[in-house]
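Colleague:
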Amino acid sequence: MAMGEKKGWNEFDAGSVLFSFDKNAKVDNIATTLPENRPYSQSNSYTASVADWRVEKPVFNQDYCIDCQFCWIYCPDMSIISRDQKMVGIDMDHCKGCGICVDVCPTNPKSLLMFVEQKDEKEALAEWPSKEDKKEEK
Amino acid sequence: MADKMELKSVEVWDGNMASAQALRQSQVDVVAAYPITPSTPIVENYAGFLANGYIDGEYVMVESEHAAMSGCIGASAAGGRVATATSSQGFALMVETLYQASGMRLPIVLHVVNRALAAPLNVNGDHSDMYLGRDSGWIQLDTFTPQEAYDMGLCAFKIGEDHDIRLPVMVHQDGFISSHTAQNINPLSDDDAYAFVGEFQPMNAMLDFEKPATYGTQTEEDWHFEHKARQHNDLMTKVFPKIEEVFAEFEAKTGRKYKLVEDYYMEDAEVVIVAMGTTVETAKLTARIIREQEGIKAGVIGLRVVRPFPFEKLADLLKDVKAIGAMDRSSPNGTVGMLYNEIAGVMAGTAEMNAVMTNYIYGLGGRDMTVEMLKGIFRELNENAKAGKRLGAIQRFINVRGPELSFLGK
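Same order as they appear, the protein sequences are chains A and B.
Under this note's numbering, residue 138 is the last one in the first sequence; the count climbs by one each step, no gaps.
Under this note's numbering, residue 548 is the last one in the second sequence; the count climbs by one each step, no gaps.
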């Protein structure tokens, strides 16, 4: 955003206090309201892309996923999207590319793998490794 | 429900007890404190009041002054009335958090019993700690007597907590000379005092779960300047009218009149001492004596509000004055004193003002400032006024042993 479009000093709440939700919005039961249905304000990072410095990204391969929810539980940035206990995908506006989801994924082969940020998703899925023979490893 | 305390119309309190009673009557929700001389009895008395059922609130014992102010910041952001007290080294340790409190616009009240800063270690009164806080974005109220420490202790909440202001407030008094000197005090009754201060009105409270709020955000070059600009704007434009409104209400209730800048014998004054703290009282007495005995048209100005700095009031009061002595009770460590600097700034910006200015450094580490010494200063100012120019150096040290110490423009 250009300088000219930014808010002036007299348009802020005193004390640089930020509110999660729009000022006049009423939230009755936040726990049962899905993130996309919450009245997040512009100053909440939910509405902003905060992932532009990611260098590696996780790619999700639905073919091997068993919906164990490990990635959803372990993700430190709530960037795994899961609905009705089914893995849906990754919130790329908030994922920082830490790789924890890949680390905790228990399937063989893994249902999540890290690729460089620029990698095309279809290409990544085409390169997916096959099942590893654990006996051979030893 | 807290018990009420029966107070007489005149109580004998020192400045610390006066401050503690003002805190008790304001029914502070949270006091987080780490006591330090000479302010210790403020929080000690307060803890006693709380233990004996006179306060509904929390007293948090912490491990340092940094933690004390941090606790106050958390409690204030959570949505309560918050206060504490400190001095000197403790104040110095709080400095980092003072800026957090003002930047987050949290109306905490801090009683500062002014004391010198080490080294060398010293427990007595000077204004080094007050000066250390002057750029911190707090409102700083100065008091000259225990009665004023009590009165400002009540006014402070009403000023800082106003939703248009939302700034923390320091109430200063001189270590020992005010804090440990018992005087007659006219307190308000508990009911009257609380009615004056009013019930705390939370704003953007973190404990309001329906409206989640984030305090302590990070802003870089794209936002930081705007937030600081807003804080400065509010200090410069909103605080003085609010203080005057609160003082007017206080006068209506008690008959005690306060102003942004207190002035004595200024109607026809030609030579003026500008001071802070208990020295204002001594200077007031000296001006009266020297007017009677020597016919010197002496006047005294005492700053009630140190920050924001009452630039325009001073311009108005000082425009016809011939000589000004700016009295700084803090080692300037390499330049002229703060008061000299500020008043020189007023003069530079005020075309009608054309006084001879000098800077007196005095009273460091609790060194006395007597009527005789102040007489000497008035006489010197009078000589300058008569000559129409400064006859000695710009800066002089008063009552320090050894050869005369003076600097600049000799």
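Yeah, the Cβ is synthetic: ideal placement off N, Cα and C, and Gly gets one too.
Note down the Cα distance separating Y396 of chain B from A386 of chain B, rounded to an integer number of angstroms.
Modeller: Going from the Cα of Y396 of chain B to the Cα of A386 of chain B covers about 8 Å.
Colleague: Does any residue of chain B have a CB that is nearer than 8 Å to the CB of V50 of chain A?
Modeller: For V50 of chain A, the answer is no, since every Cβ of chain B falls outside 8 Å of its Cβ.
Colleague: Would you call the region 340 to 350 of chain B and the region 12 to 29 of chain A touching, i.e. three or more CB-CB distances under 8 Å?
Modeller: Judged by Cβ distances under 8 Å, the region 340 to 350 of chain B makes contact with the region 12 to 29 of chain A, as three or more pairs qualify.
Colleague: Between the region 337 to 347 of chain B and the region 174 to 191 of chain B, do three or more beta carbon pairs fall short of 8 Å?
Modeller: Touching, no.
Colleague: Please check if any C-beta of chain B sits within less than 8 Å of the C-beta of S111 of chain A.
Modeller: False, the Cβ-Cβ gap to chain B never drops below 8 Å.
Colleague: Assuming F314 of chain B contacts N260 of chain B under a Cβ cut-off of 8 Å, what Cβ separation, rounded to an integer in Å, is found between them?
Modeller: Actually they are not in contact, since the Cβ atoms of F314 of chain B and N260 of chain B sit about 11 Å apart, beyond 8 Å.
Colleague: Within its chain, find whatever has a CB closer than 7 Å to the CB of A294 of chain B; leave out the 5 residues flanking it on each side and keep chain order.
Modeller: V247, L279, V307, V309.
Colleague: Quick one, which residues of the region 340 to 351 of chain B are near chain A if we go by CB-CB under 8 Å, in chain order?
Modeller: Result list: N342, E348, K349, P350, A351.
Colleague: Nearest by alpha-carbon distance to R272 of chain B: which of B:V494, B:V233, B:A320 is it?
Modeller: The candidate whose alpha carbon is nearest that of R272 of chain B is B:V233.
Colleague: For a contact meaning CB atoms closer than 9 Å, what does L34 of chain A contact in chain B?
Modeller: Under the 9 Å cutoff, chain B gives no residues; its nearest Cβ is about 17 Å from L34 of chain A.
Colleague: For a contact defined as C-beta to C-beta under 9 Å, what are the partners of N29 of chain A on chain B?
Modeller: The premise fails here: N29 of chain A is roughly 11 Å from chain B at the closest Cβ pair, so nothing lies under 9 Å.
Colleague: What would DSSP say about L543 of chain B, mapped onto helix, strand or coil?
Modeller: DSSP places L543 of chain B in coil when its eight states are reduced to three.
Colleague: Could you check whether T420 of chain B and M507 of chain B sit closer than 8 Å to each other, using their CB atoms as the reference points?
Modeller: Yes; because the gap between Cβ atoms is below 8 Å, this pair is in contact.
Colleague: Round the Cβ separation of V335 of chain B and L292 of chain B to the nearest angstrom and send it over; I've been treating them as touching at under 8 Å.
Modeller: Rounded, the Cβ-Cβ distance is 6 Å, consistent with contact.
Colleague: Looking only at its chain, what residues have a beta carbon closer than 8 Å to the beta carbon of Q85 of chain A, apart from the 5 residues adjacent to it on each side?
Modeller: Excluding residues within five positions, the ones whose Cβ falls inside 8 Å are D67, Q69.
Colleague: Find the residues of chain B that neighbour N24 of chain A, judging by a C-beta separation of less than 7 Å, and give them in chain order.
Modeller: Ordered by position in chain B, no residue passes the 7 Å Cβ test against N24 of chain A, which lies about 10 Å from the chain.
Colleague: Which same chain residues, not among the five before or five after L161 of chain B, have their C-beta less than 6 Å away from its C-beta?
Modeller: Excluding positions up to five away in sequence, the list reads Y184, A221.
Colleague: At least one CB of chain A closer than 8 Å to the CB of M242 of chain B: is that the case?
Modeller: It does: the Cβ of M242 of chain B has a partner Cβ on chain A nearer than 8 Å.
Colleague: Thinking just about the alpha-carbon of each residue, which of A:T107, A:Y46, A:E117, A:E132 is nearest to the one in Y64 of chain A?
Modeller: The shortest Cα separation from Y64 of chain A among A:T107, A:Y46, A:E117, A:E132 belongs to A:T107.
Colleague: State the DSSP-derived secondary structure class of N322 of chain B, mapped to helix, strand or coil.
Modeller: Here N322 of chain B sits in strand by DSSP.
Colleague: With distances taken from CA atoms, which of B:S202, B:D312, B:L455, B:A216 is nearest Y353 of chain B?
Modeller: Closest option to Y353 of chain B, Cα to Cα, is B:A216.
Colleague: Kindly indicate if chain B contains any beta-carbon less than 8 Å away from that of A14 of chain A.
Modeller: True, the Cβ-Cβ gap to chain B drops below 8 Å.
Colleague: Select from B:D329, B:M268, B:D312 the residue whose C-alpha is nearest the C-alpha of E144 of chain B.
Modeller: The residue with the shortest Cα to Cα distance from E144 of chain B is B:D329.
Colleague: For G463 of chain B, which option in B:V438, B:T473, B:K451 has the closest C-alpha, if you only look at C-alpha atoms?
Modeller: Residue B:V438 is the option with its Cα nearest to G463 of chain B.
Colleague: Going along chain A, which residues have a C-beta under 8 Å from A213 of chain B?
Modeller: Within chain A, no residue comes near A213 of chain B; the closest Cβ sits about 15 Å away, beyond 8 Å.
Colleague: For the candidate residues B:M495, B:P470, B:R517, whose alpha-carbon lies nearest to that of Q431 of chain B?
Modeller: The option with the nearest alpha carbon to Q431 of chain B is B:R517.
Colleague: At 4 residues or longer, what runs of the alpha helix (DSSP H) sit wholly inside the region 144 to 201 of chain B?
Modeller: The region 144 to 201 of chain B contains these whole alpha helix (DSSP H) runs: 153 to 163, 178 to 189.
Colleague: Rounded to the nearest angstrom, what separates A2 of chain A and P245 of chain B at their Cα positions?
Modeller: Residue placement at A2 of chain A is poorly supported in this model, since its pLDDT is 48, which falls under 50; the coordinates are not used for a value here.
Colleague: DSSP three-state label for S82 of chain A, please.
Modeller: S82 of chain A falls in the strand class under three-state DSSP.
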